[in-house]
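Undergrad: Got a structure for you, questions after.
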Ligand code: SF4
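Numbering (this note's numbering), first residue to last: 1408 to 1762.
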């Protein structure tokens, strides 16, 4: 295979590329791609798993709401085991917290409709990919006159957090900055997010930081081809779309317009990273009746102090370098969010190593 030969014959300066998509992380590990690369090309995961970047204050708030006998929390399964500042939703459920697990946000509509005596609160977590579905949920609830549905939002957008990572991608020795060996030399742009935003969304970042961004598909060969492209594009601040079957330059305008109608930009807290201006989405004032109290969830306290999720999410260390990995922290006993979701870097690493 020519691409593999090209990569394996690479003898240039050490390069580190970040994949900013949980599905890429899972596919990279599932396909054993790190072992196919020469030692001078390294892949690190970024903050692309929505469950992983959710702060503990958000989990705590869900638990608080679910403990009220009038409410029922509706969520995806992954969220159940994310540690809050002291316990997870799953543990809270065994203490009386009312929680229902669903596979689609639209299921919350059915639950609320069937039981008007309770308020159903959906744990609305996600990136640009899932936000259009939440917009549709609100729109449907309005049209059907369902008044007992709420969202607790923790919605994020990708460009601001990538901007944050690039801005801290310095070789200065200042605290909080990446050292030279941690420097990122290019990004595998998030594939699913790019379907909605379009590849153009990453052009300002590519130009600002002089780094290549490659939009890639999810097959092993597609990922390898994108890595080879990142090697070839070194020194060029540009975006290359290698997933044209799903991603266009302008993205999905219908989904973008639906989101803009219901949501507006806001600051958001990222687990371990902190608050990043303009990196979130909240319900517009006209729709605040659907809000379960999402404002002020900007803290990230508690949890296991030895957990290194923040450094994993910033690509500073690999999961194996966390002292808890495979010891106190396993998929059965997750100490941080990165070990919970199948798209989390620590879970994915654990699974690929067959532990
Ligand atoms: Fe956090 Fe566990 Fe990953 Fe360590 S191995 S960074 S404790 S999730």
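Quick reminder that beta carbons are idealized off the backbone N, C-alpha and C, glycines included.
Predicted model only: the values in this text are computed from it and were never measured.
1) Kindly identify the DSSP beta-bridge partner or partners of residue 1714.
2) Report the rounded CA-to-CA distance for residue 1605 versus residue 1665, giving the unit in angstroms.
3) Quick check on DSSP: helix, strand or coil for residue 1427?
4) May I ask whether a heavy atom of ligand 1 can be found less than 7 Å away from the beta carbon of residue 1726?
5) Okay, do the stretch 1482-1498 and the stretch 1745-1752 touch, 3+ Cβ pairs below 8 Å being the bar?
6) On a CA-only basis, which of 1571, 1623, 1494, 1637 is nearest residue 1449? Give me that one, please.
7) Only counting the same chain, and skipping five residues up and downstream in sequence, which positions put a Cβ closer than 6 Å to that of residue 1582?
8) I need the DSSP call for residue 1697, collapsed to helix, strand or coil.
9) Measure from the alpha carbon of residue 1732 to the alpha carbon of each residue in 1517, 1524, 1723, 1752, then state which is nearest.
10) Check whether the Cβ atoms of residue 1597 and residue 1565 lie closer than 8 Å to each other.
11) I'd like to know whether the C-beta atoms of residue 1519 and residue 1553 end up nearer to each other than 8 Å.
12) Since residue 1645 and residue 1613 are thought to touch, with beta carbons under 8 Å apart, how far apart are those beta carbons, to the nearest angstrom?
13) Cβ-heavy atom distance between residue 1814 and ligand 1 below 7 Å?
14) What does the alpha-carbon distance come out to for the pair residue 1617 and residue 1696?
15) If you run the structure through DSSP and keep just helix, strand and coil, what is residue 1545?
16) Since residue 1615 is in the beta strand (DSSP E), which residue starts that stretch and which ends it?
17) Among 1633, 1458, 1689, 1547, which one has its Cα closest to the Cα of residue 1444?
18) CB residue 1674 to CB residue 1686, shorter than 8 Å?
19) Between the Cα of residue 1569 and those of 1412, 1759, 1428, spot the shortest distance and give me the residue it belongs to.
20) Curious, which full-length beta strand (DSSP E) runs of at least 3 residues does the stretch 1503-1566 contain?
TA: The structure says:
1) Position 307 of the chain shown, counted from the first residue, corresponds to residue 1714. The secondary-structure analysis by DSSP pairs residue 1714 with nothing; it has no beta-bridge partner.
2) On the chain shown, position 198 is the one that residue 1605 refers to. On the chain shown, position 258 is the one that residue 1665 refers to. Each residue's alpha carbon lies about 15 Å from the other.
3) Against the chain shown, residue 1427 aligns to sequence position 20. Assignment of residue 1427 by DSSP, reduced to helix, strand and coil, places it in the coil class.
4) Counting from 1 along the chain shown, the entry for residue 1726 is found at position 319. Yes, the Cβ of residue 1726 comes within 7 Å of a heavy atom of ligand 1.
5) Counting Cβ pairs under 8 Å, three or more are found: they touch.
6) Within the chain shown, the letter at position 42 stands for residue 1449. Nearest C-alpha to residue 1449: 1637.
7) The residue labelled residue 1582 in the question sits at position 175 within the chain shown. Legend: pLDDT at residue 1582 = 46, less than 50; position of this residue unreliable, no value from coordinates given.
8) The residue given as residue 1697 occupies position 290 in the chain shown. Residue state for residue 1697 is assigned as helix, using DSSP reduced to three classes.
9) In the chain shown, the residue the question calls residue 1732 occupies position 325. In terms of Cα proximity to residue 1732, the closest of 1517, 1524, 1723, 1752 is 1752.
10) Start at 1 with the first residue of the chain shown, and residue 1597 comes out as number 190. Start at 1 with the first residue of the chain shown, and residue 1565 comes out as number 158. Cβ distance < 8 Å, so residue 1597 and residue 1565 count as in contact.
11) For the purposes of this step, residue 1519 is taken as residue 112 along the chain shown, with counting starting at 1. For the purposes of this step, residue 1553 is taken as residue 146 along the chain shown, with counting starting at 1. Contact annotation: residue 1519 and residue 1553 have beta-carbon atoms nearer than 8 Å.
12) Counting from one through the chain shown, the residue named residue 1645 turns up at place 238. Counting from one through the chain shown, the residue named residue 1613 turns up at place 206. Right, the Cβ-Cβ distance comes to about 5 Å (below 8 Å), so this counts as a contact.
13) Because the chain is modelled from 1408 through 1762, residue 1814 falls outside the range shown and cannot be assessed.
14) In the chain shown, the residue the question calls residue 1617 occupies position 210. In the chain shown, the residue the question calls residue 1696 occupies position 289. Their Cα atoms are separated by approximately 43 Å.
15) As a first step, residue 1545 must be located in the chain shown, where it is residue number 138. Three-state result, residue 1545: helix.
16) Sequence index remark: in the chain shown, residue 1615 carries index 208 (1-based). Residue 1615: not part of any beta strand (DSSP E); member of the alpha helix (DSSP H) spanning 1610-1616, first to last residue.
17) Within the chain shown, residue 1444 is the residue found at index 37, counting from 1. Nearest C-alpha to residue 1444: 1633.
18) Start at 1 with the first residue of the chain shown, and residue 1674 comes out as number 267. Start at 1 with the first residue of the chain shown, and residue 1686 comes out as number 279. Yes. Within cutoff.
19) As a working note, residue 1569 is residue 162 in the chain shown. Cα-wise, what sits closest to residue 1569 is 1428.
20) You should have 1506-1508, 1526-1533, 1556-1563.
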